[in-house]
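If you want this note's numbering, it's the 1-based position in the sequence shown plus 336. Cβ coordinates follow ideal geometry from the N, Cα and C atoms, glycine included.
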Amino acid sequence: MYKYQDISQKLRQKFTGGEYQPGDLLPDQETLAKEFNTTRMTVRKAIQLLIVEGVVYTKRGAGTFLRKDFHHKDPNDMESSIDRPVGTTLTYAGRKVTSKVLSLDARLPTQSEQDNLIIGPDEPVYVIRRVRYVDGAVYAYEHTIMPTKITTITREILEGSVYKHLADEAHVHIAGSHRRIHAIKATQDDVEAMGCQLNDPVLVINQVSYTEEGEPFKVSEVHFPYQTSSVVADVELSLGKRPH
337 MYKYQDISQK LRQKFTGGEY QPGDLLPDQE TLAKEFNTTR MTVRKAIQLL
387 IVEGVVYTKR GAGTFLRKDF HHKDPNDMES SIDRPVGTTL TYAGRKVTSK
437 VLSLDARLPT QSEQDNLIIG PDEPVYVIRR VRYVDGAVYA YEHTIMPTKI
487 TTITREILEG SVYKHLADEA HVHIAGSHRR IHAIKATQDD VEAMGCQLND
537 PVLVINQVSY TEEGEPFKVS EVHFPYQTSS VVADVELSLG KRPH
């Protein structure tokens, strides 16, 4: 785990432990850097991670605040976390995250995969299918395409955290994802993977994930059972401009 990830996790523990109340202003980055014996840049990355996770928000000229609805979120709830591009293991730090690997293969990319990953027709890709569980409950069914040149992927890696492996071993750090969210009826694959009923509603996220250098490294389609899935979006309006 990187320093900024450790700091974000420790701050989250402070929030859940009641050291901060919903709506409280956090110390400035310099103060936090001294508290955690690190740099302001590392603290900034930790804060950015918490913003992505919907835990804190920043107000220009005022600072960083713990969200007012923070304690209204059930710690066992999986609904509001599927919009976080940080991986299931990090999103649910402190909980039991496991995986069932359905298949791991390699082949040449399709034209669409070449376009999305900016690779050539002769550059092989991994084709990964797995089911993720949080505390034993089905969280998602993943179908992932990743260039083999990025790193060597094994079934053992897939049973754990791919993002952790990418960061620790391949030195690949995710910066974000471009996502399309829609709904479908459950297919036979969904029934077999997640145990849902045929034609049940399924939330689907299609995404292309990028490194900090702006290079696409993964194309994936993730299916979520409707019982524990929703997307939460924060919309910030600029009060300084009025529409004409």
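Within the continuous beta strand (DSSP E) that includes Val529, where are the two ends? Just to set this straight, residue 529 is Ala in the shown sequence, not Val. Premise fails: Ala529 lies in the alpha helix (DSSP H), 524-530, not in any beta strand (DSSP E).
Taking a contact to mean a Cβ-Cβ separation below 7 Å, would you say Leu402 touches Pro358 in this structure? yes
Which residue's Cα is closest to the Cα of Thr446: Pro483, Ala519, His507? Pro483
What are the boundary residues of the beta strand (DSSP E) that Phe560 is part of? 552-561
Within 8 Å, do at least three Cβ pairs link the segment 470-485 to the segment 509-522? no
Per the contact definition of three or more C-beta pairs closer than 8 Å, is the segment 559-567 in contact with the segment 524-538? yes
Which word fits Leu347, buried or exposed, when buried means at least 16 other C-beta atoms lie within 10 angstroms of its C-beta? buried
7 Å Cβ cutoff met for Ile454 and Pro552: The Cβ-Cβ distance between Ile454 and Pro552 falls below 7 Å.
Terminal residues of the beta strand (DSSP E) in which Thr400 lies: 399-402
Limits of the beta strand (DSSP E) - the one that Ile517 falls within: Residues 510-521.
Taking 7 Å as the cut-off, decide whether the C-beta atoms of Arg396 and Ser435 are in contact. Not closer than 7 Å, so no.
What residues are listed by DSSP as bridge partners for Lys381? DSSP lists no partner for Lys381.
Residue of Lys554, Gln365, Gly353 minimising C-alpha distance to Asp451: Closest by alpha carbon: Lys554.
Inspect the beta-carbon positions of Ala519 and Cys532 and report whether they are closer than 7 Å. Taking 7 Å as the cut-off, the Cβ atoms of Ala519 and Cys532 do not count as close.
Identify every run of the alpha helix (DSSP H) within the segment 455-519, keeping only runs that are complete inside it and at least 4 residues long; order them along the chain. For the segment 455-519, whole alpha helix (DSSP H) runs of length 4 or above, ordered along the chain, are 491-494, 498-504.
Can you tell me which of Leu502, Ile486, Ala398, Thr374 puts its alpha carbon nearest to the alpha carbon of Glu459? Ile486
In this structure, does DSSP put Tyr393 in helix, strand or coil? strand
Neighbour-count burial assignment, Leu385, 16 or more Cβ in a 10 Å radius: buried
List the whole-angstrom C-beta distance separating Leu502 from Leu440, where the pair is believed to meet the contact cut-off of C-beta under 8 Å. Between Leu502 and Leu440 the beta-carbon gap is near 16 Å, outside 8 Å, which marks them as no contact.
On the three-state DSSP scale, how would you describe Asn452? helix
What separation, rounded to the nearest whole angstrom, lies between the Cα atoms of Gly550 and Val544? 11 Å
For Thr446, which three-state DSSP category applies? In this structure, Thr446 counts as coil in the three-state DSSP scheme.
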